[in-house]
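Position 92, counted from 1, in the sequence shown is what the working numbering calls 100; the numbers after and before it change by one each time, with no gaps.
The beta-carbon is built from N, C-alpha and C at its ideal position, and this holds for glycine as well.
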Amino acid sequence: MEPPAGGGGYGGGPPPPSKGNKEKKKPKGQDEGGDGKSKKFLERFTSIRMKKEKEKPYPSHRNSTNFPDNSNPLQTLQELEDDVVLQLFEKMLDDMNLNPEKQQPLREKDIMIKREMVSQYLHTSKAGMSKKESSRSALMYIQDLKSGLGDNSLLLCLESLRVSLNNNPVSWVQNFGAEGLSCLLEILKRIQDEQASLRDVRSEHEIIRCLKAFMNNNFGIKAMLGTEDGILLLARAVDRSVPAMMIDSLKLLSALCILPQPEDMHERVLEALTERAEMEEMERFKPLLDGLNIASPVALKVSCMQLINAVISQGEELDYRVHIRSELMRSGLAKLLKELRNTENEDLKVQLGIFDEHSELDSDDLRGRLDDIRIEMDDFSDVFQVLLNTVKDSSAEPLFLSILQHLLLIRNDYDARPQYYKLIDEVISQIILQKNGADPDFKCKHVNIEIENLIDHFID
């Protein structure tokens, strides 16, 4: 069952910021990257656990693996050595997809209780079926996905696969494995490459739901992260015309952003959003802003704000966080926030609270960088005065004046002027956010940039 997105005080989103935060967030330690914690973060953020569903009429098997095939498991277990029972017990815990917090109390039970638990699990889940038979079940789906099914047959296959991925233990998901994941992503890409009028959005959404079930364990997460274009395909499924699919995709992307390991997953998600935007020649945050539009369902607005918070909050550098937030605000979020704050929904209010709190703390950090100068970042006069004070009586002062003078020379064209400023803003952002640590020693005085072509591109 999926708990509300706003539960737990912070909606399962980025952790609440503390006043002790500094300009640079504390780097993640090696001890934070355990597999169990990755799964815990994924489940907490996106409520990825789902109700078990009845299988639809499509051929499949619901068997487990890694357990011996015995007609009387209790009798066999009584004959096994304690070490063997403990090995089976650990396999049972892994197969049940329990996080470390839930596993620990079970490990503290005595050996007799563990024998009984393993016996009951073998009996109730039919986990004593042979690995060969279980493998055939997953293999059947893979073969069907490779066979080029028609739209209706494909949809039935995907619906049944989703139920199997949700209801079967992790060992079944492992049998489906990287090969099955590759089949799903290949079909998803083929659907997304179709013309909009020809896209099979029902199957596209069902694949996203299959991926959601597949990634509900450490094995599935690692397999997805190991693909070349898996995250990009999730980003391409962020489609305002299919709200339910967009919500599922946003939840997965948000969950990936906050995984403790590997580090900087938020950058991979941001890169996918950027690449998708380049493919469709639009601003990279446009799909999220479309999802926050007044006409969108509230659940979609909540999911959009979750991803925005995840992308921003996971950045360790203050420059990065300020830049992304600024880009969102000037792209239209500033106007949308006024309407969003008037929406009576607790989950949305939680996400807006996270956004505001992180923004306030970053503003405090920025003021600290400027020697605690009191400044309103949204006030033109305040910002200009601080800039002037920082360069006054220094070698940068005449250069700052030259920049201002050049800004006055931008041609007085109603359509072109905003695009010039947009270009200048982008260039400055790239300079400020460079991460290679190189000193800004610009030996080349002339930079060849085809300004007119860039401006025409922005206008288009």
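Inset, instruction - Mind the definition here: the segment 268-280 touches the segment 215-228 only if three or more C-beta pairs lie below 8 Å; say whether that holds. - result: no
Inset, instruction - Find out if the Cβ-Cβ distance for the pair Leu258, Leu192 is shorter than 8 Å. - result: On the sequence shown, residue 258 is found 250 positions in, with the first residue counted as 1. On the sequence shown, residue 192 is found 184 positions in, with the first residue counted as 1. One thing to note: Leu258 has its Cβ no nearer than 8 Å to the Cβ of Leu192.
Inset, instruction - Specify the secondary structure class of Gly361 as computed by DSSP and reduced to three states. - result: In the sequence shown, the residue the question calls residue 361 occupies position 353. Of the three classes helix, strand and coil, the one that applies to Gly361 here is helix, per DSSP.
Inset, instruction - Please name the residue, chosen from Lys117, Arg329, Asn420, Ile439, that lies closest to Asp372 on a Cα-to-Cα basis. - result: Locating residue 372 in the sequence shown gives position 364, where the first residue counts as 1. Nearest option by C-alpha distance: Arg329.
Legend entry - Member of Gln322, Val306, Met337, Ser367 whose CA lies at the smallest distance from the CA of Glu352: Walking along the sequence shown from the start, residue 352 turns up at place 344. Answer by Cα proximity: Val306.
Inset, instruction - Locate the alpha helix (DSSP H) running through Asp387, then write down its first and last residues. - result: For the purposes of this step, residue 387 is taken as the residue at position 379 of the sequence shown. Looking at the DSSP string, Asp387 is not in any alpha helix (DSSP H), and its letter there is neither H nor E.
Inset, instruction - Would you identify the three-state DSSP class for Leu344, choosing helix, strand or coil? - result: To locate residue 344, count along the sequence shown from 1; it is residue 336. In this structure, Leu344 counts as helix in the three-state DSSP scheme.
Inset, instruction - Would you check if the distance between the CB atom of Met313 and the CB atom of Phe392 is smaller than 8 Å? - result: Here residue 313 refers to the residue found at position 305 when the sequence shown is read from its first residue. Here residue 392 refers to the residue found at position 384 when the sequence shown is read from its first residue. Taking 8 Å as the Cβ cut-off, Met313 and Phe392 do not qualify as a contacting pair.
Legend entry - DSSP-derived helix/strand/coil call for Thr351: On the sequence shown, position 343 is the one that residue 351 refers to. Here Thr351 sits in coil by DSSP.
Legend entry - Whole-angstrom distance between Asp118 and Leu356, CA atom to CA atom: Start at 1 with the first residue of the sequence shown, and residue 356 comes out as number 348. Start at 1 with the first residue of the sequence shown, and residue 118 comes out as number 110. When rounded, the distance between both Cα atoms is 46 Å.
Inset, instruction - Along the alpha helix (DSSP H) that carries Lys110, what are the first and last residues, could you check? - result: Translated into the one-based positions of the sequence shown, residue 110 becomes position 102. That run of the alpha helix (DSSP H) goes 108-115.
Inset, instruction - Specify the secondary structure class of Lys400 as computed by DSSP and reduced to three states. - result: Here residue 400 corresponds to residue number 392 of the sequence shown, with the count starting at 1. Correct three-state label for Lys400: coil.
Inset, instruction - Buried or exposed for Phe388, please, with buried defined as at least 16 other CB atoms from any protein chain shown within 10 angstroms of its CB. - result: Translated into positions along the sequence shown, residue 388 becomes position 380. Classification for Phe388: exposed.
Inset, instruction - Output yes or no for whether 8 Å exceeds the beta carbon distance between Met253 and Ile199. - result: As a first step, residue 253 is located in the sequence shown; it is residue number 245 there, counting from the start. As a first step, residue 199 is located in the sequence shown; it is residue number 191 there, counting from the start. Not a contact, by the Cβ cut-off of 8 Å.
Legend entry - Selected residue, minimal CA-CA separation from Leu267, among Ala318, Gln95, Ser304, Val171: The count along the sequence shown starts at 1 and reaches residue 267 at position 259. The option with the nearest alpha carbon to Leu267 is Ala318.
Inset, instruction - Any chance you could list the alpha helix (DSSP H) runs of at least 4 consecutive residues sitting entirely within the segment 138-216, in chain order? - result: 139-154, 159-175, 178-201
Legend entry - CA-to-CA distance, Gln438 to Leu412, given in whole angstroms: Residue numbering aside, residue 412 sits at position 404 when the sequence shown is read from its first letter. Residue numbering aside, residue 438 sits at position 430 when the sequence shown is read from its first letter. For Leu412 and Gln438, the distance between alpha carbons rounds to 20 Å.
Legend entry - Residue range of the unbroken alpha helix (DSSP H) whose run includes Gly238: Here residue 238 is taken as the residue at index 230 of the sequence shown, counted from 1. For Gly238, the uninterrupted alpha helix (DSSP H) run begins and ends at 238-244, by DSSP.
Legend entry - contact_flag[the segment 326-340, the segment 288-304] where n(CB pairs < 8 Å) is 3 or more: yes
Inset, instruction - Return yes when the Cβ of Val178 is within less than 8 Å of the Cβ of Asp102, no when it is not. - result: Along the sequence shown, one-based indexing puts residue 102 at 94. Along the sequence shown, one-based indexing puts residue 178 at 170. Yes.
Inset, instruction - Please go through the segment 247-302 and give each complete alpha helix (DSSP H) segment of 4 or more residues, from N-terminal end onward. - result: 251-265, 273-288, 294-299
Legend entry - For Leu241 and Leu196, the rounded distance between their alpha carbons: If you number the sequence shown from 1, residue 196 lands on position 188. If you number the sequence shown from 1, residue 241 lands on position 233. Rounded to whole angstroms, Leu196 to Leu241 spans 7 Å at the Cα level.
Legend entry - Asn226 - containing alpha helix (DSSP H), residue span: Numbered from 1 along the sequence shown, position 218 holds the residue referred to as residue 226. Its alpha helix (DSSP H) spans residues 226-233.
Legend entry - Own chain, CB closer than 6 Å to Leu336, minus 5 neighbours either side, in chain order: Reading the sequence shown from its first residue, position 328 is the one you call residue 336. If we look at Leu336 and ignore the five residues flanking it on each side, its Cβ neighbours are Phe293.
Legend entry - Cβ distance (whole Å) where Leu189 is taken to contact Met232 below 8 Å: Reading the sequence shown from its first residue, position 181 is the one you call residue 189. Reading the sequence shown from its first residue, position 224 is the one you call residue 232. With 8 Å as the limit, Leu189 and Met232 qualify as a contact, their Cβ atoms being about 7 Å apart.
Legend entry - alpha helix (DSSP H) segment containing Gln438, residue limits: Taking the sequence shown and counting its residues from 1, one reaches residue 438 at position 430. 424-440 is the span of the alpha helix (DSSP H), which, as asked, contains Gln438.
Inset, instruction - Would you mind stating whether Leu341 and Leu297 have Cβ atoms separated by less than 8 Å? - result: Position 333 of the sequence shown, counted from the start, is the residue given in the question as residue 341. Position 289 of the sequence shown, counted from the start, is the residue given in the question as residue 297. For Leu341 and Leu297, yes; Cβs fall inside 8 Å.
Legend entry - Pick from Gly323, Glu283, Asp401, Glu212 that is closest to Asp256, judged by C-alpha positions: By one-based count along the sequence shown, residue 256 stands at place 248. When each option's Cα is compared against that of Asp256, the closest is Glu212.
Legend entry - Local Cβ density within 10 Å of Met120, reported as buried at 16 or more and exposed below that: To locate residue 120, count along the sequence shown from 1; it is residue 112. Exposed, because fewer than 16 other Cβ atoms sit within 10 Å of the Cβ of Met120.
Inset, instruction - Please state whether DSSP places Phe222 in a helix, a strand or coil. - result: As a first step, residue 222 is located in the sequence shown; it is residue number 214 there, counting from the start. Three-state result, Phe222: helix.
Inset, instruction - Starting from the C-beta of Val246, find all residues in its chain whose C-beta is less than 7 Å away, skip the five residues before and the five after it, and write them out in chain order. - result: For this step, residue 246 is matched to residue 238 along the sequence shown. Once the five neighbours on either side are set aside, the close Cβ partners of Val246 are Met254, Ser257, Leu258, Pro295.
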